[in-house]
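Engineer: If you want the working numbering, it's the position in the sequence shown, counting the first as 1, plus 180. For reference, the structure I am asking about is given below.
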Amino acid sequence: MTATAVPGRLQNRPTIPCSEECLLRPGNTNCGGCGMSVGLTMLGRALADAGDTCTLVIPACCGIVTAGAFPTTSYGVPTIATTFASSSAVASGVATIRDLNAEPGQVICWAGDGGTYDIGLATLSAAAERNENIIYICYDNEIYGNTGGQRSSATPAGARTSTTPRGKIEDKKDIMSIMAAHRIPYAATLSIAHPDDFANKISTALSTTGMRFLLLHSPCPTGWKSDPGDSVELVRLAVASGLFPLYEVYDGASYKINVEPDGSDPAEYFHRQRRFEDEEIDLNAARRACSDRMQRLHALAKQYPADR
Ligand SMILES: Cc1ncc(C[n+]2csc(CCOP(=O)(O)OP(=O)(O)O)c2C)c(N)n1
Ligand code: SF4
Ligand SMILES: [Mg+2]
């Protein structure tokens, strides 16, 4: 399509870069120990470091509750609240207008796992297939957090939720493979326990054009029934044990593992969260799943290494 500027719009407006608190500002109502809060702060810092800014597009989720009511919103950038099903479509539209007008800044979709793995998947897939020029970040707390903790397709097997009181039977959906299958330019996983890796990946995403998908493992003390002070340690254990590997996929074709698991036993991860009942977790199956996951990723990274 030939880009034509929308008449009457300012062309080449200067970027107003983010400051460190440009996204999540003090006074927000998020729970203590919320991984989403830390993720937003890290994202804001990375945008500030890059001298970049953004418009946020957020469907129903804790992240839009965080925004609060105008004029006391916790977000320091323009923020559009959308329905679950439309967030990627709205972000695509905003990004198209921005590009037509050569306006600066990123369009970032910030969505929960319910809005990503489940209810918004159709428009996310459509945006990925069209290679829309947006960054989509899913903060994955593995639960429908803001409506009382129902299961989502990101909830891991064994986790008790308000709709799986005896523990979920099905395992977590592999959203990274789904997104990689769209052959988008960049897909990567993020952890708040690895801030340098987080910053590097945001930097890569900011300097890439087209559809970028980032998956953040986002501890939720309220839903995970964990100590708020354990949040960073929990997601560190998830990376160290191979439960939640840190890796990148370029063009759906080449792979890079960013942090090698250190052989930690995933048992500690489960023991520290009361959503997992010891007798409902098959630890040997969980250990096997970690090792199978890493084996598959190593095979892909060896066969199709990312040259970056
Ligand atoms: C179509 C539709 N169904 C259900 C709801 C109710 N609802 C609002 S937020 C939410 C949970 C969102 O879960 P997730 O996307 O994982 O974000 P989190 O709350 O965990 O931050 C639900 C079910 C809604 N707003 N729209
Ligand atoms: S319910 Fe969970 S995701 Fe939502 S604000 Fe609280 S800790 Fe964060
Ligand atoms: Mg969620």
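A virtual CB, placed ideally from N, CA and C, is assigned to each residue, including glycine. Bear in mind that the values here come from a model prediction, so they are computed numbers and not experimental data.
Excluding the 5 residues preceding and the 5 following LEU220 in the sequence, name in chain order all residues of the same chain whose CB lies nearer than 6 Å to its CB.
Structural biologist: Closer than 6 Å at Cβ, skipping near neighbours: LEU203, LEU204.
Engineer: Provide the residue span of the beta strand (DSSP E) that contains HIS451, from first to last.
Structural biologist: Looking at the DSSP string, HIS451 is not in any beta strand (DSSP E); the run it does join, the alpha helix (DSSP H), is 447-451.
Engineer: Can you tell me the Cβ-Cβ gap for SER267 and CYS289, rounded? I've got them flagged as a contact below 8 Å.
Structural biologist: The pair is a contact, with the Cβ atoms about 5 Å apart (cut-off 8 Å).
Engineer: Taking the alpha-carbon of THR276 as reference, which of VAL245, MET391, ASP232 has the nearest alpha-carbon?
Structural biologist: Here the closest residue by C-alpha is MET391.
Engineer: According to DSSP, simplified to helix, strand and coil, what is TYR484?
Structural biologist: TYR484: coil per DSSP, three-state reduction.
Engineer: Out of TYR297, CYS470, ALA240, HIS478, which one is the CA nearest neighbour of PRO320?
Structural biologist: Correcting the residue identity first, residue 320 is Asp in this sequence and not Pro. Checked all of TYR297, CYS470, ALA240, HIS478; the closest Cα to ASP320 is TYR297.
Engineer: From ARG193 to TYR255, what distance separates their C-alpha atoms?
Structural biologist: Low confidence applies here, because ARG193 scores a pLDDT of 44, under 50, leaving its location unreliable; read the following figure in that light. Roughly 21 Å between the two C-alpha positions.
Engineer: I need the DSSP call for ALA368, collapsed to helix, strand or coil.
Structural biologist: If DSSP states are grouped into helix, strand and coil, ALA368 belongs with the strands.
Engineer: Find the nearest neighbour of ILE317 within the set ASP472, ALA465, GLY300, judged by alpha-carbon distance.
Structural biologist: With distances taken between Cα atoms, ILE317 lies closest to GLY300.
Engineer: Alpha carbon to alpha carbon, how far is GLY422 from PRO336?
Structural biologist: Each residue's Cα considered, the two are about 14 Å apart.
Engineer: Please return the same chain residues whose Cβ sits closer than 6 Å to the Cβ of ASN210, not counting the five positions on each side in sequence.
Structural biologist: Excluding residues within five positions, the ones whose Cβ falls inside 6 Å are SER217, THR246.
Engineer: If we ignore side chains and look at the alpha-carbon of each, how far apart do ILE355 and ASP445 end up?
Structural biologist: Computed Cα separation, rounded: 24 Å.
Engineer: Under 8 Å Cβ to Cβ from ASN311, same chain only, skipping five residues before and after it: list those, please.
Structural biologist: ILE364, PRO365, GLY390, MET391.
Engineer: Would you call the region 407-425 and the region 343-351 touching, i.e. three or more CB-CB distances under 8 Å?
Structural biologist: Too few Cβ pairs lie closer than 8 Å, so no.
Engineer: For ALA271, which of VAL287, ALA261, THR259 has the nearest alpha-carbon?
Structural biologist: When each option's Cα is compared against that of ALA271, the closest is VAL287.
Engineer: What did DSSP end up calling ARG392 once you bin it into helix, strand or coil?
Structural biologist: It is a strand residue.
Engineer: Given that a residue counts as buried once 16 or more other Cβ atoms are within 10 Å of its Cβ, and exposed if not, what is ALA433?
Structural biologist: That one is exposed.
Engineer: Here's a check: name, in chain order, each residue in its chain whose Cβ is nearer than 6 Å to the Cβ of ASP229, leaving out the five neighbours to either side.
Structural biologist: Cβ neighbours of ASP229 beyond the five flanking positions: none.
Engineer: Are ALA334 and ASP376 close, meaning C-beta to C-beta below 8 Å?
Structural biologist: In this structure, ASP376 does not lie closer than 8 Å to ALA334 by Cβ.
Engineer: Looking at C-alpha atoms only, which residue of ALA249, HIS362, ASP279, THR384 is the closest neighbour of ARG488?
Structural biologist: Closest option to ARG488, Cα to Cα, is THR384.
Engineer: Using a strict less-than 6 Å threshold between each residue's beta carbon and the heavy atoms of ligand 5, what residues do you get?
Structural biologist: As for ligand 5, it is missing from this structure, which binds only ligand 1, ligand 2 and ligand 3.
Engineer: Where does THR335 sit, in a helix, a strand or coil, going by DSSP?
Structural biologist: Of the three classes helix, strand and coil, the one that applies to THR335 here is coil, per DSSP.
Engineer: Do ALA261 and ILE238 have their C-beta atoms closer together than 8 Å?
Structural biologist: The answer is yes: Cβ separation under 8 Å.
Engineer: Could you say which of VAL429, ARG468, SER398 lies nearest to VAL490 if we only look at CA atoms?
Structural biologist: Summary: the structure shown does not reach residue 490, with the chain confined to residues 181 through 488, and so no result is reported for it.
Engineer: Leaving out five residues on either side along the sequence, give the residues of the same chain with a beta carbon under 7 Å from the beta carbon of GLY207.
Structural biologist: So the list reads SER254, once near-sequence residues are dropped.
Engineer: What residue range is occupied by the uninterrupted beta strand (DSSP E) comprising GLY292?
Structural biologist: Its beta strand (DSSP E) spans residues 286-292.
Engineer: I believe THR303 touches ALA265 by the beta-carbon criterion, under 8 Å. Please report the beta-carbon distance rounded to the nearest angstrom.
Structural biologist: Sure, about 6 Å apart at Cβ, within 8 Å.
Engineer: For ligand 3, any of its heavy atoms closer than 7 Å to the Cβ of GLY294?
Structural biologist: Yes, ligand 3 has a heavy atom inside 7 Å of this Cβ.
Engineer: Of the residues ALA249, ALA360, HIS362, PHE378, which one's Cα is nearest the Cα of ASN438?
Structural biologist: Nearest option by C-alpha distance: PHE378.
Engineer: CB-CB under 6 Å to PRO258, same chain, minus the five flanking residues each way: which ones, in chain order?
Structural biologist: If we look at PRO258 and ignore the five residues flanking it on each side, its Cβ neighbours are THR235.
Engineer: So what's ASN380 in DSSP terms, helix, strand or just coil?
Structural biologist: Correct three-state label for ASN380: helix.
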